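Be aware that the sequence shown starts at 5, since it is given in this note's numbering, and climbs by one per residue.
Beneath this line is the structure, given in structure tokens, with notes to follow.
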Amino acid sequence: MLEHFVNNCNSYQDDDNAYTCIVGDFNLRTINWSELHNPLKNQHNSSLDQIFIDFTSVNNLRQCNNVTNKNSRLLDIVLVDVPGCCVSEADPLSVVDPHHPPLEIQIALTESTKLKSNSIRKLNFHRADYEAINKYLKDRDWEEQLGCCRNADEMVDVFYDVIGSAIAAFVPISRKQSRNVPIWFDKKLVKLLKEKNKLRVKYKKYKNPLDRVSLRLISKRCDNYAKECYKTYIESTEKSIVSSPKMFWSYVRNKRGGESSIPASMTYGPITSSNGEGICELFASNFSSIYKDETTSLPDQNNVASEYLKVMATHSDSIASVDISYEDVEKKLKNLDITKGAGPDDIPPLFIAKCAPNLVAPLVKIFNTSIRSGQFPKKWKQAKVVPVYKSGDPCDVKNYRPISILSIFGKILESLVCPHIQRYFAKFLSNDQHGFVKNRSTSTNLVSFVEASYKAMDEGMQVDAVYTDFSKAFDKVSHELLIKKLAAYGVTGDLLKWVDSYLAGREFYVVVNGFQSKRYVIASGVPQGSHLGPILFNIYINDVTLSFHNTSIFLFADDLKISRAIKSQQDVNLMQEDIDRLSVWCHHNKISLNNSKCSHIKFTRKLNIINSSYHINGVALREVHVIRDLGVILDAKLTFLPHIDNIIGRSQRMLGFVIRNGKVFQCPQTKLILYNSLIRSILEYCSVVWRPHYATHSLRIERIQKRFIRHLGASRGRQFRNLSYLEKLDHYKMSTLEARRELLDLRFAHKLLNNNVDCPQLLQKFNFRVPRRPPRKPVTPLVPPPRHTVFGINSPIPRMCKLINESSDLADVHSDSMSAFVRNVKHGRTDV
Numbered sequence: 005m006l007e008h009f010v011n012n013c014n015s016y017q018d019d020d021n022a023y024t025c026i027v028g029d030f031n032l033r034t035i036n037w038s039e040l041h042n043p044l045k046n047q048h049n050s051s052l053d054q055i056f057i058d059f060t061s062v063n064n065l066r067q068c069n070n071v072t073n074k075n076s077r078l079l080d081i082v083l084v085d086v087p088g089c090c091v092s093e094a095d096p097l098s099v100v101d102p103h104h105p106p107l108e109i110q111i112a113l114t115e116s117t118k119l120k121s122n123s124i125r126k127l128n129f130h131r132a133d134y135e136a137i138n139k140y141l142k143d144r145d146w147e148e149q150l151g152c153c154r155n156a157d158e159m160v161d162v163f164y165d166v167i168g169s170a171i172a173a174f175v176p177i178s179r180k181q182s183r184n185v186p187i188w189f190d191k192k193l194v195k196l197l198k199e200k201n202k203l204r205v206k207y208k209k210y211k212n213p214l215d216r217v218s219l220r221l222i223s224k225r226c227d228n229y230a231k232e233c234y235k236t237y238i239e240s241t242e243k244s245i246v247s248s249p250k251m252f253w254s255y256v257r258n259k260r261g262g263e264s265s266i267p268a269s270m271t272y273g274p275i276t277s278s279n280g281e282g283i284c285e286l287f288a289s290n291f292s293s294i295y296k297d298e299t300t301s302l303p304d305q306n307n308v309a310s311e312y313l314k315v316m317a318t319h320s321d322s323i324a325s326v327d328i329s330y331e332d333v334e335k336k337l338k339n340l341d342i343t344k345g346a347g348p349d350d351i352p353p354l355f356i357a358k359c360a361p362n363l364v365a366p367l368v369k370i371f372n373t374s375i376r377s378g379q380f381p382k383k384w385k386q387a388k389v390v391p392v393y394k395s396g397d398p399c400d401v402k403n404y405r406p407i408s409i410l411s412i413f414g415k416i417l418e419s420l421v422c423p424h425i426q427r428y429f430a431k432f433l434s435n436d437q438h439g440f441v442k443n444r445s446t447s448t449n450l451v452s453f454v455e456a457s458y459k460a461m462d463e464g465m466q467v468d469a470v471y472t473d474f475s476k477a478f479d480k481v482s483h484e485l486l487i488k489k490l491a492a493y494g495v496t497g498d499l500l501k502w503v504d505s506y507l508a509g510r511e512f513y514v515v516v517n518g519f520q521s522k523r524y525v526i527a528s529g530v531p532q533g534s535h536l537g538p539i540l541f542n543i544y545i546n547d548v549t550l551s552f553h554n555t556s557i558f559l560f561a562d563d564l565k566i567s568r569a570i571k572s573q574q575d576v577n578l579m580q581e582d583i584d585r586l587s588v589w590c591h592h593n594k595i596s597l598n599n600s601k602c603s604h605i606k607f608t609r610k611l612n613i614i615n616s617s618y619h620i621n622g623v624a625l626r627e628v629h630v631i632r633d634l635g636v637i638l639d640a641k642l643t644f645l646p647h648i649d650n651i652i653g654r655s656q657r658m659l660g661f662v663i664r665n666g667k668v669f670q671c672p673q674t675k676l677i678l679y680n681s682l683i684r685s686i687l688e689y690c691s692v693v694w695r696p697h698y699a700t701h702s703l704r705i706e707r708i709q710k711r712f713i714r715h716l717g718a719s720r721g722r723q724f725r726n727l728s729y730l731e732k733l734d735h736y737k738m739s740t741l742e743a744r745r746e747l748l749d750l751r752f753a754h755k756l757l758n759n760n761v762d763c764p765q766l767l768q769k770f771n772f773r774v775p776r777r778p779p780r781k782p783v784t785p786l787v788p789p790p791r792h793t794v795f796g797i798n799s800p801i802p803r804m805c806k807l808i809n810e811s812s813d814l815a816d817v818h819s820d821s822m823s824a825f826v827r828n829v830k831h832g833r834t835d836v
């Protein structure tokens, strides 16, 4: 009965406002619902349980009942897709069944009022007369107008005056209209609905039978035309995948509820505001509290001659200036993304790209003057900040994160300087840093860490790992210390002055629905949303590696984990010494560790675990058995079962979304695009790290694609349904997920062995087979590293070596390009 219900239940309507509540005695005693909603401890006890759990995931339902019966069992289940649902034991109105206590279900369906937009007049750059604008700009004598300026700031003022005059003359102004109807309504439909409403009012007032007949006729016309409009909108959306993908993904994002809106009343601590300006000030006050005022620094923190700076100053390399050419600026202007919005100066990329030929000359002069004078223009130091909701109470400003929007011209200047700084610092950046570094990624970070842990565990050892969390590290970078570190690394002259000016005196203001806050000073940190911010942060944190003498560290920007193989208590003490040195480094560099978010975990398969505990500044770190690391969930035995459970649950929910909302599309390729982007991307993220080696786990993952393929072929008739799974995949030119994971392993190994992935720690683990004399038979190119257990053999590096050796007769990992290597492997194997 239950299986029939699960397989045949279709609880969702196409209406976006429809909600679902399923209540009943399902008698699923073996499911622990408290653990089911924690993806880190998800266990399934039978195939029937698995079917039901898959059903709840696909339909985005959650179980809300925690009221148990007299045997402390949960038989009655309440499944809802509404965020606010509370289930409690109700007062009995009759005789109570001890196995089924009475329940009171409260569902909150009321929506909070949203902040109304401030209707403002905006420039319509899409309807501007660019021919006239370009003629106007071409007639300007930039050499004369900019030549009399004393510095870069005056040049920028003159530049904006000229552009402002052209905009005022040739760019029309339009008022932003609030749309109270769906986007697929056209003018004719709106007019019909207004006529229908007039007839309804007239009929209610006079009760004329002729008006009733007219009302019925126009209602039918409205319904038919509305269906026609919606069908046309869906068809145009589906066709826009190639011509205008932004339109297609905007439709998908709206269906997923991605468009957040600000409530009409917001709070920040004890302060509440219900108007646009006040809400903007609350957001600005919250965001500005992150930044640190450097005038309150402790005296000992300003000591330039620290041991870290002494170590960095032992080289003779230097960089003093950067030259920007006409061709560089021209290329940047032509490659701008015209779909992006404007910065604080209200000049969008569309305008800059359309006028690029006549803007290159003044910009080259301004950029070079800025660098040679060591002065970054003040107008380009302003940031427009838009709050974006994270999670929690939407009425609390603390549950929003800031998104910073900078001036396009300032970002172009940054993007031209950034490659020079990146090339210079490439030789100084630590190999342990994987964030914002070319040819490194989360995959290289995780594979390096997991491979080292696998090797130690294969040898019967215990690996302790401490996960640290820097509190707002990007926003608390000390400008003074950053400049001193740059000087110690060899950045001198005009470039050092320019970076100092780039960081100093920055301001931001918050914009919400057309309302704007006052300006706030940014006293610390690297600019968010900038090109230089990430590389400057890497430079600032680079010397943290000097604190670790006894342990291995793995960095991804500000995510730092420390690990060591533990054989005795002495190893624990050595690891604690490195943690203490990290605390000292944080003290000197004005960065604080968030102790409540720091933790440690023991990776081991031993029965006799060495007890260990760690502390930071006297605060003991909590021990965990499961932890999320750069999007991959690691458990203490490195089975990756919690991660597999997590991605299966997320993929099932996303599959339900695609099935429900993708049925309006007629072309199978559209649904395939949705599947590849929204579902398969979840199932394949960092698979080189966690790829399962047990068939039961692979089959659980494969079941998601099988269900999608069944949905995809449901409209193709019985003959298609009689095909096997592999035949259906061949029809859609798809591969099994297991084969794709193997291919991703091979691609990662190919990149690593051909220097397209920059990770020396991993490359040195590959052992190449070099025969002393020409062999009579073909030999495998790699020697897998020795492992003592099946667990160790299935770690990433031995697994990749095995795959490359098995594919050596199909493709050459050294001489073939990536595309040729993948093509040859696919051609030689039927399952890929």
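We put the beta carbon where it would ideally sit given N, CA and C, even for glycine.
Since the model is a prediction, treat every value here as computed from it, not as a measurement.
Inset, instruction - Determine which residues share a DSSP beta bridge with Q520 and list them. - result: For the purposes of this step, residue 520 is identified with residue 516 of the sequence shown, where counting begins at 1. V515.
Inset, instruction - Answer yes or no: the CB of F560 versus the heavy atoms of the ligand ADP, is any distance below 6 Å? - result: In terms of ligand content, the structure shown is empty, and the ligand ADP therefore cannot be addressed.
Legend entry - Terminal residues of the beta strand (DSSP E) in which R568 lies: Start at 1 with the first residue of the sequence shown, and residue 568 comes out as number 564. Counting along the chain, the beta strand (DSSP E) containing R568 begins and ends at D563 to I570.
Inset, instruction - Whole angstroms is fine: what's the gap from D633's alpha carbon to V99's? - result: Translated into the one-based positions of the sequence shown, residue 633 becomes position 629. Translated into the one-based positions of the sequence shown, residue 99 becomes position 95. Whole-angstrom Cα-Cα distance: 52 Å.
Legend entry - Straight-line Cα distance separating N69 from D95: As a first step, residue 95 is located in the sequence shown; it is residue number 91 there, counting from the start. As a first step, residue 69 is located in the sequence shown; it is residue number 65 there, counting from the start. Their Cα atoms are separated by approximately 16 Å.
Inset, instruction - Return helix, strand or coil for G414, following the three-state DSSP convention. - result: Position 410 of the sequence shown, counted from the first residue, corresponds to residue 414. In the structure shown, G414 sits in a helix (DSSP, three-state: H, G or I).
Legend entry - Runs of alpha helix (DSSP H) wholly within the region 372-408 (minimum 4 residues, chain order): none
Inset, instruction - Can you tell me which of the three DSSP states P267 falls into? - result: Translated into positions along the sequence shown, residue 267 becomes position 263. P267: strand per DSSP, three-state reduction.
Inset, instruction - Evaluate contact between the region 776-783 and the region 753-765, counting only Cβ atoms and requiring at least three cross-stretch pairs below 8 Å. - result: no
Inset, instruction - Could you tell me how far apart the beta carbons of S685 and Q532 are, in whole angstroms, since I believe they sit closer than 8 Å? - result: Translated into the one-based positions of the sequence shown, residue 685 becomes position 681. Translated into the one-based positions of the sequence shown, residue 532 becomes position 528. With a Cβ gap of about 26 Å, S685 and Q532 do not count as contacting.
Inset, instruction - Using a threshold of 7 Å, state whether the C-beta atoms of C690 and L450 are closer than that. - result: As a first step, residue 690 must be located in the sequence shown, where it is residue number 686. As a first step, residue 450 must be located in the sequence shown, where it is residue number 446. A contact, by the Cβ cut-off of 7 Å.
Legend entry - Of the listed residues K388, S534 and T343, nearest to C422 (C-alpha basis): Looking up residue 422 in the sequence shown gives position 418. Answer by Cα proximity: S534.
Inset, instruction - Indicate whether the contact test is met: 3 or more Cβ pairs, each with one atom in the region 127-135 and one in the region 349-361, closer than 8 Å. - result: yes
Legend entry - Complete runs of the alpha helix (DSSP H) confined to the region 551-631 [at least 4 residues]: 573-592
Inset, instruction - Tell me H104's beta-bridge partners as DSSP assigns them. - result: By one-based count along the sequence shown, residue 104 stands at place 100. D101, per the DSSP bridge assignment.
Legend entry - Own chain, CB closer than 6 Å to R745, minus 5 neighbours either side, in chain order: To locate residue 745, count along the sequence shown from 1; it is residue 741. Counting only Cβ-Cβ distances below 6 Å, and skipping sequence neighbours, we find S691 and R695.
Legend entry - Among E285, I238 and I111, nearest to R523 - alpha-carbon criterion: Residue mapping note: residue 523 aligns to position 519 of the sequence shown, counting from 1. Among E285, I238 and I111, the Cα nearest to that of R523 belongs to E285.
Inset, instruction - Under 8 Å by Cβ, that's how I've got F772 and L750 pegged, so tell me the actual separation to the nearest angstrom. - result: On the sequence shown, residue 772 is found 768 positions in, with the first residue counted as 1. On the sequence shown, residue 750 is found 746 positions in, with the first residue counted as 1. Not quite, the Cβ-Cβ distance comes to about 17 Å (not below 8 Å), so this is no contact.
Inset, instruction - Please report the residue range of the beta strand (DSSP E) in which V91 lies. - result: By 1-based counting over the sequence shown, the position of residue 91 is 87. It spans C89 to E93 - the beta strand (DSSP E) in which V91 sits, taken as one unbroken run.
Inset, instruction - Name, in chain order, the residues that DSSP records as bridge partners for Q110. - result: Your numbering for residue 110 matches position 106 in the sequence shown. C90.
Legend entry - Cβ neighbours of A469 in the same chain (closer than 6 Å, five flanking residues each side left out): One-based indexing of the sequence shown puts residue 469 at position 465. K565, S567 and I605, listed in sequence order.
Legend entry - Check whether H792 and D462 have beta carbons under 7 Å apart: Within the sequence shown, numbered from 1, the residue matching residue 792 stands at position 788. Within the sequence shown, numbered from 1, the residue matching residue 462 stands at position 458. Yes.
Inset, instruction - Give the DSSP-derived three-state secondary structure of V817 in the structure shown. - result: On the sequence shown, residue 817 is found 813 positions in, with the first residue counted as 1. Correct three-state label for V817: coil.
Inset, instruction - Return the chain-ordered list of same chain residues with a C-beta closer than 6 Å to the C-beta of F287, the five sequence neighbours on each side being excluded. - result: As a first step, residue 287 must be located in the sequence shown, where it is residue number 283. Cβ neighbours of F287 beyond the five flanking positions: P391, V401 and V514.
Legend entry - the region 594-611 contacting the region 637-657, beta-carbon criterion three pairs below 8 Å: yes
Inset, instruction - Would you kindly check if the distance between the Cβ of I35 and the Cβ of D53 is under 7 Å? - result: As a first step, residue 53 must be located in the sequence shown, where it is residue number 49. As a first step, residue 35 must be located in the sequence shown, where it is residue number 31. Their beta carbons are under 7 Å apart, which means D53 touches I35 by this criterion.
Inset, instruction - Below 6 Å CB to CB, which residues in the same chain sit around K336 once its five sequence neighbours on both sides are set aside? - result: As a working note, residue 336 is residue 332 in the sequence shown. Excluding positions up to five away in sequence, the list reads I416.
Inset, instruction - Within the same chain, show all residues whose beta-carbon is closer than 8 Å to that of C399, passing over the 5 residues directly before and after it, in chain order. - result: Counting from one through the sequence shown, the residue named residue 399 turns up at place 395. The residues are S116, P267, S269, M270 and T271.
Legend entry - Minimum C-alpha distance to L340 - residue among E331, D157, R626 and A360: Here the question's residue 340 lines up with position 336 in the sequence shown. Minimum Cα distance to L340 is reached at A360.
Legend entry - Contact set for R510: own chain, Cβ-Cβ below 8 Å, skip 5 residues either direction: Taking the first residue of the sequence shown as position 1, residue 510 is located at position 506. Excluding sequence neighbours, R510 sits near K385, Q386, A387, V525, I526 and P531.
Legend entry - Selection from L586, L107 and L611 that minimises the alpha carbon distance to Y618: Counting from 1 along the sequence shown, the entry for residue 618 is found at position 614. If we check each option's Cα against that of Y618, L586 comes out closest.
Inset, instruction - Go through the region 327-372 residue by residue and report every complete run of the beta strand (DSSP E) that reaches 3 residues or more, in order. - result: none
Inset, instruction - Starting from T276, follow its DSSP beta bridges and name the residues at the other end. - result: By 1-based counting over the sequence shown, the position of residue 276 is 272. DSSP, once it has assigned bridges, lists T271 as partnering T276.
Inset, instruction - Determine contact between the region 620-631 and the region 650-659, defined as no fewer than three beta-carbon pairs at a distance below 8 Å. - result: no
Inset, instruction - Measure the Cβ-Cβ separation of C153 and L197 and say whether it is below 7 Å. - result: Locating residue 153 in the sequence shown gives position 149, counting from the first residue. Locating residue 197 in the sequence shown gives position 193, counting from the first residue. Not closer than 7 Å, so no.
Legend entry - Cβ neighbours of S799 in the same chain (closer than 8 Å, five flanking residues each side left out): Within the sequence shown, residue 799 is the residue found at index 795, counting from 1. Closer than 8 Å at the Cβ level, and outside the excluded window around S799, lie V454, E455, Y458, K459, D462 and R791.
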